[in-house]
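K.L.:
For the sequence shown, the working numbering begins at 1107 and goes up steadily by one.
In this text, a Cβ means the ideal position worked out from N, Cα and C, and glycines have one as well.
Bear in mind that the values here come from a model prediction, so they are computed numbers and not experimental data.
Okay, here's the structure, questions in a sec.
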Amino acid sequence: MQGITVRKEEVSDIKAIDVVHMSAFEGDQEVGLIDSLRKSSSFMPDLSLVAEFKNRIVGHVLLSRVRFQRGADGMDILALGPMAVVPSQSHRGIGSQLVKAAVDAATEQGFAAIVVVGHPEFYQKFGFSPASRWGLHCNLPVPDEIVSAIELKPGALGSDGHVIFPSQFEKVY
Ligand SMILES: CC(C)(COP(=O)(O)OP(=O)(O)OC[C@H]1O[C@@H](n2cnc3c(N)ncnc32)[C@H](O)[C@@H]1OP(=O)(O)O)[C@@H](O)C(=O)NCCC(=O)NCCS
1107 MQGITVRKEE
1117 VSDIKAIDVV
1127 HMSAFEGDQE
1137 VGLIDSLRKS
1147 SSFMPDLSLV
1157 AEFKNRIVGH
1167 VLLSRVRFQR
1177 GADGMDILAL
1187 GPMAVVPSQS
1197 HRGIGSQLVK
1207 AAVDAATEQG
1217 FAAIVVVGHP
1227 EFYQKFGFSP
1237 ASRWGLHCNL
1247 PVPDEIVSAI
1257 ELKPGALGSD
1267 GHVIFPSQFE
1277 KVY
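See the structure below:
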């Protein structure tokens, strides 16, 4: 969509980001999740991206560190979400721009994979596949079908791995 800029968040964006999530989701659970992640070691300011339209924040996506474990081997990968676009601007490609920018930023930072819980058909447009492709499970009480992932480094997810989301996510799922 023309006129949309995706950039890293700035401290002065935080209230506007909260408003985006409050408007897109029912309730304030996602705002609470983002707030508690901000205070944790999972948070990386460079991987919290906003979509700006006419100098207003209209969308936001957060990537944060989660632990990937496979047998005795482990590494930090990224979780995508929460993500939201203000309802008045949805279905115009802003969410797609945010996901693409998130994948690019994660690649630039050298992460090996991203996992996401959400509408699988949406994320598959950007190269994500069902987590079942890798026999990948996570610690959240969600159906396997809504967990997707993308390898940014081929082979990174191997098979039968486990993603451990920080406890902050458990309040939302
Ligand atoms: C999901 C969301 C971020 C998409 O943002 P967007 O700017 O509308 O996304 P785009 O315009 O790039 O893409 C729209 C496409 O996303 C998909 N999509 C959007 N909402 C969806 C939903 N609830 N279920 C399945 N697919 C959905 C559809 O394929 C849609 O295509 P369409 O416009 O032809 O109907 C936005 O709708 C939103 O904030 N929703 C509420 C919060 C939410 O569900 N966040 C994501 C959690 S996984």
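With DSSP collapsed to three states, give me the class of D1250.
P.N.:
Note: D1250 maps to helix in three-state DSSP.
K.L.:
Using 8 Å as the threshold, is the C-beta distance between A1190 and L1169 below it?
P.N.:
The answer is no: Cβ separation not under 8 Å.
K.L.:
On a CA-only basis, which of E1116, V1209 and Q1195 is nearest I1110? Give me that one, please.
P.N.:
Comparing Cα positions, the closest option is Q1195.
K.L.:
Determine the direct distance from the alpha carbon of H1197 to that of G1261, and round the result to whole angstroms.
P.N.:
Rounded to the nearest angstrom, the two C-alpha atoms are 33 Å apart.
K.L.:
Roughly how many angstroms lie between the CA atoms of G1199 and M1107, to the nearest whole one?
P.N.:
Their Cα atoms are separated by approximately 6 Å.
K.L.:
So, is S1148 buried or exposed, given that buried needs 16 or more other C-beta atoms within 10 angstroms?
P.N.:
That one is buried.
K.L.:
Roughly how many angstroms lie between the CA atoms of S1235 and A1255, to the nearest whole one?
P.N.:
One C-alpha to the other measures close to 6 Å.
K.L.:
Work out the CA separation of R1113 and P1247 for me, nearest whole Å.
P.N.:
Distance between the alpha carbons of P1247 and R1113 is about 32 Å.
K.L.:
Got a list of residues with beta-carbon closer than 6 Å to any non-hydrogen atom of ligand 1, in chain order?
P.N.:
Taking each Cβ in turn, the ones that pass are A1130, F1131, G1187, M1189, A1190, V1191, S1196, H1197, R1198, G1199, I1200, G1201, S1202, G1224, H1225, E1227 and F1228.
K.L.:
Could you tell me the alpha carbon to alpha carbon distance between P1226 and G1233, rounded to whole angstroms?
P.N.:
Using only the alpha carbons, I get a separation of about 11 Å.
K.L.:
Just to confirm, are F1217 and I1183 a CB contact at a threshold of 8 Å?
P.N.:
Yes, Cβ-Cβ distance for F1217 and I1183 is below 8 Å.
K.L.:
For H1127, name the three-state secondary structure that DSSP assigns.
P.N.:
DSSP places H1127 in helix when its eight states are reduced to three.
K.L.:
As a quick exercise: from D1210, R1171 and H1166, pick the residue whose alpha carbon is nearest that of V1192.
P.N.:
Looking at the Cα atoms, H1166 is the closest of the given residues.
K.L.:
DSSP state of S1235, grouped into three classes?
P.N.:
DSSP places S1235 in strand when its eight states are reduced to three.
K.L.:
Could you give the residue range of the alpha helix (DSSP H) that holds P1272?
P.N.:
Looking at the DSSP string, P1272 is not in any alpha helix (DSSP H), and its letter there is neither H nor E.
K.L.:
Roughly how far, in whole angstroms, is the beta-carbon of L1155 from the beta-carbon of E1115, given that I think they are within contact range, below 8 Å?
P.N.:
Between E1115 and L1155 the Cβ distance is about 7 Å, and since that is below 8 Å, they are a contact.
K.L.:
Report the rounded CA-to-CA distance for A1237 versus V1221, giving the unit in angstroms.
P.N.:
Looking at the two C-alpha atoms, the distance is approximately 8 Å.
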